[in-house]
Amino acid sequence: MSNLSDQISSRRTFAIISHPDAGKTTLTEKLLLYTGSIQTAGSVKGKSSSKHAVSDWMDIEKERGISVTSSVLQFTYDGCCVNILDTPGHQDFSEDTYRTLMAADAAVMVIDGAKGVEAQTKKLFKVCTLRHIPIFTFVNKLDHDARDPFELMEEIENVLGIRTYPMNWPIGSGRNFRGVFDRQTRRVIAFEGDGRANATKKVADIEAELGDPSMDELIGEENHRNLMDDIELLDGAGDELDLDAVACGKLSPAFFGSALTNFGVEPFLKEFLRLAPTPRSYTDKLSGEPVEPTRDDFSGFVFKIQANMDKNHRDRIAFVRICSGKFERGMDAYHVQGGRKLKLATGTSMMADDRAIVDEAYAGDIVGLFDPGIFSIGDTVCTGKQRVQFPPIPTFAPEHFAKISQVDTLKRKQFVKGMEELAQEGAVQIFRELGAGMESVIVGVVGVLQFEVLEQRLKSEYHVEVYRQALPYNTIRWIEGDMEESTVRGLSLTRDTCRVQDMRGGKLLLFTSEWNLNWAVEHNPDLKLSEFGNVT
Ligand code: G4P
């Protein structure tokens, strides 16, 4: 496969999202095992084992056994080159997930069959819908007692507001789990469990008509009766698998299975690759035109920056989603925000435990570029005469705020450098009170664990100790338009509302309550506020 368009059309790039513990890591791992990318279970993430995977590079992750940062994994299967963007499940790091979704063409939402839609599922789902990307549902843990599948589908529809189209249908659950019925092929894939949760189960793919007496033997009379009723109901509902609705994220193809026992994973992967989109186009902010992935010139944007993955070599890697053309190691490109040319000297791809050097990559792929500290999240790199620039990645409203100041005032330089670099990386958002300098900084985070990561990283990577003073704000709003600093100062606001500025010079207001926010809106007719920074 040498042709650019063939290469690109073989790409499938998606993110997996879930509430913690729904089984995202287990599913990822099983996908890798299936495709021969890894040989042993536990290499992606060993929460309770001593093995720590690629993303668990920070001490805090090891100590707490959580995955803080996303990793990118690539494998080939059935003629497709698949990129999985793993995302942290812990809610305190959902901003990272938000950014990762900007680089994905589709999302897989893993749901625990016993728990249904959970808090974090809702939050992440909301971001997926902002992107209008296709969302596939994998209802997991069917080997455990699960809720009624109709009830689950209804909950997804009612709580998340997306219709589902069950691609297969479970036959019982828990001890009574007998497999799934594939609605397309009308075959039963039987689950031959032996009660041991982690055992590798044999999977029988059996062609038998519903109503055929042999089915009674295979899945039990009662299961068979229930299955016939269920399928009649589903078929009777007359819903079609409307691919246009799938493509814009209005209909979610749903699959049932059990990642741990490896049941339903391969059929899911096959169908997913058939239905998932090839790399889509991104819009060029300069011309307003779409940048087609097959365009000859290379272009991409930074959606994630990860620093100091290897403590021995203080390095920083900028993860770039390639939007068009072909990446070649060593190629000259233009860094749009930096306004200068640079050599894309080294690309890496993340392969479970390894970082492999990438020589070439295509639109849809993710490459990690060594970053000497020049990139920020959202930056564009491109080649060719006609420059493109992708819109900035939205910044999401932090919910917790603290004033951070350095303990040792002599270490001001390191403090400023550390805060700026960590903010560039997107680890936290930093703000400055209007008129104030950098001696203390207001830090905003989506989850409080981010404060701990910030303190620990400032200490270990920049040798700076800081004080943290919690601030009472809980609501933040960006001021739309380019309001002059003097106009912001002149706004009529309650006394406990704070006027700040972000790294890009955007003006914001911090409120201690919804009441104060409403007060500001009511008393300043020209004031337009937005919940997100940089949304385009
Ligand atoms: P996450 O990435 O979404 O946070 O979830 P993860 O895959 O780590 O899975 C959370 C727990 O659920 C793990 O158990 C995992 O073994 C279990 N699990 C995942 N898929 C299935 C499934 O299909 N069936 C059943 N019964 N369990 C499943 P743990 O005890 O918390 O961790 P570990 O000690 O197994 O690593």
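Going by the UniProt record's numbering, the sequence shown opens with residue 1, and the numbers climb by one from there.
The C-beta atom is built at its ideal place from N, Cα and C for all residues, glycine as well.
- Looking at 250, 241, 81, the one whose alpha-carbon comes closest to that of residue 160 is 250.
- Taking non-hydrogen atoms of the ligand G4P into account, the C-beta of residue 110 is found less than 7 Å away from one of them.
- Rounded to the nearest whole angstrom, the C-alpha separation of residue 8 and residue 81 is 9 Å.
- In the three-state DSSP reduction, residue 235 falls in the helix class (H, G or I).
- Residue 306 and residue 104 have their C-alpha atoms some 18 Å from each other.
- At a threshold of 7 Å, residue 21 counts as near the ligand G4P, since its beta carbon sits closer than that to one of the ligand's heavy atoms.
- In this structure the segment 394-409 lies against the segment 462-480, because at least three pairs of beta carbons, one per stretch, are closer than 8 Å.
- In this structure, the alpha-carbon of residue 123 lies about 15 Å from that of residue 395.
- Residue pairing by DSSP leaves residue 374 without any beta bridge partner.
- By DSSP's assignment, residue 109 forms a beta bridge with 17, 137.
- Rounded to the nearest angstrom, the gap between the Cα atoms of residue 87 and residue 380 is 22 Å.
- Boundaries of the beta strand (DSSP E) harbouring residue 405: 400-406, taken from the DSSP string.
- In this structure, the straight-line span from the alpha carbon of residue 498 to that of residue 441 is close to 13 Å.
- In the three-state DSSP reduction, residue 82 falls in the strand class (E or B).
- In the structure shown, residue 462 adopts helical secondary structure according to DSSP, grouped into three states.
- Judged by DSSP in its simplified three-state form, residue 287 adopts coil rather than helix or strand.
- Inter-segment contact for the segment 124-135 and the segment 227-234 is absent: fewer than three beta-carbon pairs are separated by less than 8 Å.
- Residue 316 is positioned such that its CB atom lies no closer than 8 Å to that of residue 378.
- Separation of the CB atoms of residue 224 and residue 118 is rounded to 32 Å, and the pair is thereby denied contact status at 8 Å.
- Placement of the Cβ of residue 258 at a distance of less than 7 Å from at least one heavy atom of the ligand G4P is found.
- Following the DSSP letters along the chain, one finds residue 166 inside the beta strand (DSSP E) bounded by residues 163-166.
- Within the DSSP secondary-structure output, residue 73 pairs in a beta bridge with 84.
- In its chain, beyond the 5 residues on either side, 434, 479, 499, 507 have a beta carbon closer than 7 Å to the beta carbon of residue 488.
- Where residue 380 is concerned, the enclosing beta strand (DSSP E) starts and stops at 380-382.
- Residue 422 counts as buried, since no fewer than 16 other beta carbons sit within 10 angstroms of its beta carbon.
- For residue 18, the shortest separation between its Cβ and any heavy atom of the ligand G4P lies below 7 Å.
- With a cutoff of 7 Å, residue 168 does not count as near the ligand G4P, since its C-beta is closer than that to no heavy atom of the ligand.
- Around residue 149, the same chain offers 170 as residues with beta carbons nearer than 6 Å, after the five sequence neighbours per side are excluded.
- Of the candidates 454, 362, 303, 336, the residue whose Cα lies closest to the Cα of residue 85 is 303.
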